[in-house]
C-alpha cells in the first residue's frame, strides 16, 4: 500500500500500513487558539513534535501535497467544549474556514526501524494508549495530562528499542518510561484508554512512548469550544519517508 | 566560568565559555507577532530550533530560572522596522510588557562535543556567519534568508563533525552544506556578514551549519515594527547541560 492508497481507502487503524512512511496525528483548532496550541507543542516536544502547521482554512500540508486533510484520515473526532460529539470518516462538513491544522509525529513511524533492528511488534491493528498522571507544561488556556503508547518489548531488546526510537525525536523519540506502569499512574495495563489491549510474551517489559493523542486529553481537560482530531491510531499517512526524521 | 558567571560578567562573544552548557539565541517580539515567529521557527527547524518561549512580558525562562533575559545577554540589538537602532549591553530600558522572548538553540552548544570527538575548533572569540541565497519557508508576515555559521574542519574529520552535531538537532544538528561556499551564494569567505573572519589550515573544508542569527536576517527582510535580539555570537548561556539536547 502506498501512502495515497492508505489515505483514500483505509477506514481502520494505520499501524504497519505504508511501511517506511511518516505517520502523523491531527489536531485542528480555530485560529484564535492556534498560538496556544503551537506553544503547547513547543513546550511539550516529546508528546507533540510538530511536523507541519497549515495556514488558516487550508486543508493542505507540505507533508503530502496532493492530500486533503478533511478526508485523508481514516477516522476523525469532532470536539466541542471537551466533549467528543462525532466520529466521522469524512470531516468535510465539520471543517471550518478558521481552522489551523497541526500535524504531529506518530510513533507508528519508527516501527519499521524497530522491526529492522529485530524488535518484535506484538500489537494488533492498534497500539494500547493510556492517560498518565504526568501533567504537561501548560500554554495559555491549554493544559492536560501526558498520554503514552505502550509496546511490550523482550527485556534483551529494550536497549535496542530505546536507541532506535531515540534517533527519531520528531516522531516521539526515546521512551518516556520503561517498566512499572504504576509509576505513570496506570493501574491496569489490560484496559487501555485508547486502542487495543496489549499482547505480551513471557519476559516482555512494558515500554512507554509519549503519544500524539496527548492533545486529545488536553481538549478533554481544557474544554475549548471546537476542535477536530484524528481518532487514536487512525493516522494521517504522509508522503515523507521515515528516514527524513532519523538523525545520526 | 559557570553559566551564571557568563551571564553576569561577560560583555563579548560567548563561544567556548561555560563549556558543557547550552547556549541560546534570543529574539523577542511583541505578542501580536509571536504566532508568526513561532510558526516561522516550526517551519524552519534547522536555523530556528526553539528551546523555550516566555509568557508575554516575562523576562524569565525555564532554561535558567534565576536569570533575567533583559540583562543576561552580553550584548543586545534593538530593531525598528528592520533597522538596527541600538546595541546596548543592558536591554532593560528597551524591554516592553508585550514582548515574547524566543530562545533558539545555538551551535556553540555542540562545540564541546566536537572538541571531545577530536574536531579542532579553529575560530577565535566568534564564528564567521554569512547570509545565504537560500530563502526560509515564510510564516505570516515573516520571511527572509537562511544565515549559516562556518567552521573550517580538516577533511578527514568532516564525517565526525557531521555525525556528532547531527545528534544534537535542537542546537542546529548536522550541517546544511559542506564544501563550495558559492553553492550558498557566499562570494568571499574572508568577509563574513557577522562575527570574525575564518581561520583555516591546509586541507580544511568549509562546513556550514544553520544559524540562529537567521531571525535577525528575517527582521531585516520583513521589517516588523519592533524586536530585541542578542548580538551575533553574544549568546544567552543557559543552565541546561548540553547532554540534555543530545539524542542517540
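Residue numbers (this note's numbering), protein chains in the order written: chain A, -2 to 245; chain B, -2 to 245.
Heads up, the beta-carbon is just placed ideally off N, CA and C, and yes, glycines get one too.
For residue 63(B), the nearest candidate out of 240(B), 235(B), 38(B) and 239(B) (CA to CA): For the purposes of this step, residue 63(B) is taken as the residue at position 66 of the second chain. Measuring C-alpha to C-alpha distances from residue 63(B) to each of 240(B), 235(B), 38(B) and 239(B) identifies 235(B) as the nearest.
Where does residue 163(A) fall in DSSP's three states? If you number the first chain from 1, residue 163(A) lands on position 166. Three-state DSSP puts residue 163(A) in a helix.
is_contact[residue 39(B), chain A] using C-beta, thresh 9 Å: As a first step, residue 39(B) is located in the second chain; it is residue number 42 there, counting from the start. Yes, because at least one Cβ of chain A sits closer than 9 Å to the Cβ of residue 39(B).
So with Cβ pairs under 9 Å, would you call residue 131(B) a contact of chain A? Along the second chain, read from residue 1 onward, the residue named residue 131(B) stands at position 134. No, residue 131(B) does not count as interfacial toward chain A.
For residue 115(A), decide whether its Cβ has a neighbour in chain B, counting only Cβ atoms nearer than 9 Å. As a working mapping, residue 115(A) is identified with position 118 in the first chain. No, residue 115(A) lies away from the interface with chain B (no Cβ there is under 9 Å from its Cβ).
What distance in whole Å lies between the Cβ atoms of residue 241(A) and residue 19(A), which are believed to be in contact at a cut-off of 8 Å? Against the first chain, residue 19(A) aligns to sequence position 22. Against the first chain, residue 241(A) aligns to sequence position 244. Right, their Cβ atoms sit about 7 Å apart.
Proximity below 9 Å, CB of residue 70(A) to CB of residue 232(A): For the purposes of this step, residue 70(A) is taken as the residue at position 73 of the first chain. For the purposes of this step, residue 232(A) is taken as the residue at position 235 of the first chain. Yes, these two residues count as a Cβ contact at 9 Å.
Mind checking which residues open and close the alpha helix (DSSP H) that includes residue 242(A)? Translated into positions along the first chain, residue 242(A) becomes position 245. No alpha helix (DSSP H) contains residue 242(A), which DSSP labels as neither H nor E.
Establish whether the CB of residue 94(A) and some CB of chain B are separated by less than 9 Å. Taking the first chain and counting its residues from 1, the one referred to as residue 94(A) is at position 97. Judged by the 9 Å Cβ criterion, residue 94(A) is not in contact with chain B.
What are the partner residues of residue 18(B), as DSSP defines its beta bridges? Along the second chain, read from residue 1 onward, the residue named residue 18(B) stands at position 21. According to DSSP, residue 18(B) bridges with 238(B).
Taking 9 Å as the CB-CB cut-off, is residue 98(A) touching chain B? Stepping through the first chain from its first residue, residue 98(A) is reached at position 101. Residue 98(A) does not count as touching chain B.
Verify the CB distance criterion: does residue 166(B) have a CB-CB separation below 9 Å to chain A? Residue mapping note: residue 166(B) aligns to position 169 of the second chain, counting from 1. With 9 Å as the cut-off, residue 166(B) counts as an interface residue toward chain A.
Are at least three pairs of beta-carbons, each pair with one atom in the segment 148 to 162 of chain A and one in the segment 94 to 102 of chain A, less than 8 Å apart? no
In whole angstroms, what is the alpha-carbon distance linking residue 144(A) and residue 42(A)? Reading the first chain from its first residue, position 147 is the one you call residue 144(A). Reading the first chain from its first residue, position 45 is the one you call residue 42(A). Approximately 13 Å, taken between the alpha carbons.
If we cut at 9 Å on Cβ distances, does residue 244(B) have a partner in chain A? On the second chain, position 247 is the one that residue 244(B) refers to. Chain A, which has a Cβ nearer than 9 Å to the Cβ of residue 244(B), makes this yes.
Flag residue 199(B) as yes if its beta-carbon sits less than 9 Å from any beta-carbon of chain A, otherwise no. Locating residue 199(B) in the second chain gives position 202, counting from the first residue. So, not an interface residue.
Closest to residue 218(B) by CA distance: which of 133(B), 185(B), 5(B) and 10(B) is it? Taking the second chain and counting its residues from 1, the one referred to as residue 218(B) is at position 221. Measuring from the Cα of residue 218(B), the nearest candidate turns out to be 133(B).
For residue 53(B), the nearest candidate out of 25(B), 168(B), 12(B) and 72(B) (CA to CA): Within the second chain, numbered from 1, the residue matching residue 53(B) stands at position 56. Per the Cα distances, 25(B).
Beta-bridge pairing of residue 126(A) - partner residues as DSSP gives them: What you label residue 126(A) is simply residue 129 of the first chain in a count that begins at 1. DSSP lists 146(A) and 191(A) as partners of residue 126(A).
Any Cβ of chain A within less than 9 Å of the Cβ of residue 49(B)? Stepping through the second chain from its first residue, residue 49(B) is reached at position 52. Taking Cβ atoms only, chain A reaches closer than 9 Å to residue 49(B), which makes this a yes.
Who does residue 74(A) pair with in a DSSP beta bridge? Indexing the first chain from 1 puts residue 74(A) at position 77. Beta-bridge pairing links residue 74(A) to 226(A).
When you compare the CB of residue 224(A) with every CB in chain B, is at least one pair closer than 9 Å? Residue 224(A) sits at position 227 when you count from the first residue of the first chain. No, residue 224(A) lies away from the interface with chain B (no Cβ there is under 9 Å from its Cβ).
Once you ignore the five residues that flank residue 200(A) on each side, which residues in its own chain have a CB closer than 7 Å to its CB? To locate residue 200(A), count along the first chain from 1; it is residue 203. Only 151 and 152 meet the Cβ criterion.
For residue 31(A), decide whether its Cβ has a neighbour in chain B, counting only Cβ atoms nearer than 9 Å. The residue you call residue 31(A) lines up with position 34 of the first chain. So yes, residue 31(A) belongs to the interface.
Does the beta-carbon distance from residue 191(B) to residue 229(B) come in below 9 Å? By 1-based counting over the second chain, the position of residue 191(B) is 194. By 1-based counting over the second chain, the position of residue 229(B) is 232. Cβ atoms of residue 191(B) and residue 229(B): closer than 9 Å.
Using a Cβ-Cβ distance under 9 Å, would residue 170(A) count as near chain B? Working through the first chain from its first residue, we reach residue 170(A) at position 173. Cβ-Cβ to chain B under 9 Å: yes for residue 170(A).
Classify residue 140(B) as helix, strand or coil using the three-state DSSP reduction. Within the second chain, the letter at position 143 stands for residue 140(B). Of the three classes helix, strand and coil, the one that applies to residue 140(B) here is coil, per DSSP.
Inspect the beta-carbon positions of residue 30(B) and residue 138(B) and report whether they are closer than 9 Å. Here the question's residue 30(B) lines up with position 33 in the second chain. Here the question's residue 138(B) lines up with position 141 in the second chain. For residue 30(B) and residue 138(B), yes; Cβs fall inside 9 Å.
When you compare the CB of residue 160(A) with every CB in chain B, is at least one pair closer than 9 Å? As a position in the first chain, residue 160(A) is number 163, starting the count at 1. Yes, because at least one Cβ of chain B sits closer than 9 Å to the Cβ of residue 160(A).
Using three-state DSSP, classify residue 231(B) as helix, strand or coil. For the purposes of this step, residue 231(B) is taken as residue 234 along the second chain, with counting starting at 1. Coil, per DSSP.
Just to confirm before moving on: does the CB-CB distance between residue 175(B) and residue 155(B) stay below 9 Å? Sequence index remark: in the second chain, residue 175(B) carries index 178 (1-based). Sequence index remark: in the second chain, residue 155(B) carries index 158 (1-based). Their beta carbons are under 9 Å apart, which means residue 175(B) touches residue 155(B) by this criterion.
Check residue 186(B) in the structure and name its three-state DSSP category. Locating residue 186(B) in the second chain gives position 189, where the first residue counts as 1. Looking at residue 186(B) - three-state DSSP - the assignment turns out to be coil, as it is neither helix nor strand.
Leaving out the 5 sequence neighbours to the left and right, which residues in its chain are closer than 7 Å to residue 178(A) when beta-carbon positions are compared? The residue you call residue 178(A) lines up with position 181 of the first chain. Answer for residue 178(A): 186 and 203, listed in chain order.
Could you compute how far the alpha carbon of residue 82(A) sits from the alpha carbon of residue 14(A)? Here residue 82(A) is taken as the residue at index 85 of the first chain, counted from 1. Here residue 14(A) is taken as the residue at index 17 of the first chain, counted from 1. Distance between the alpha carbons of residue 82(A) and residue 14(A) is about 28 Å.
What number of angstroms, rounded off, separates the C-alpha of residue 113(A) from the C-alpha of residue 79(B)? Looking up residue 113(A) in the first chain gives position 116. Looking up residue 79(B) in the second chain gives position 82. Taking the straight line from one Cα to the other gives about 50 Å.
With residue 61(A) and residue 239(A) assumed to form a contact (beta carbons below 8 Å), what rounded beta-carbon distance in angstroms separates them? Reading the first chain from its first residue, position 64 is the one you call residue 61(A). Reading the first chain from its first residue, position 242 is the one you call residue 239(A). With a Cβ gap of about 14 Å, residue 61(A) and residue 239(A) do not count as contacting.
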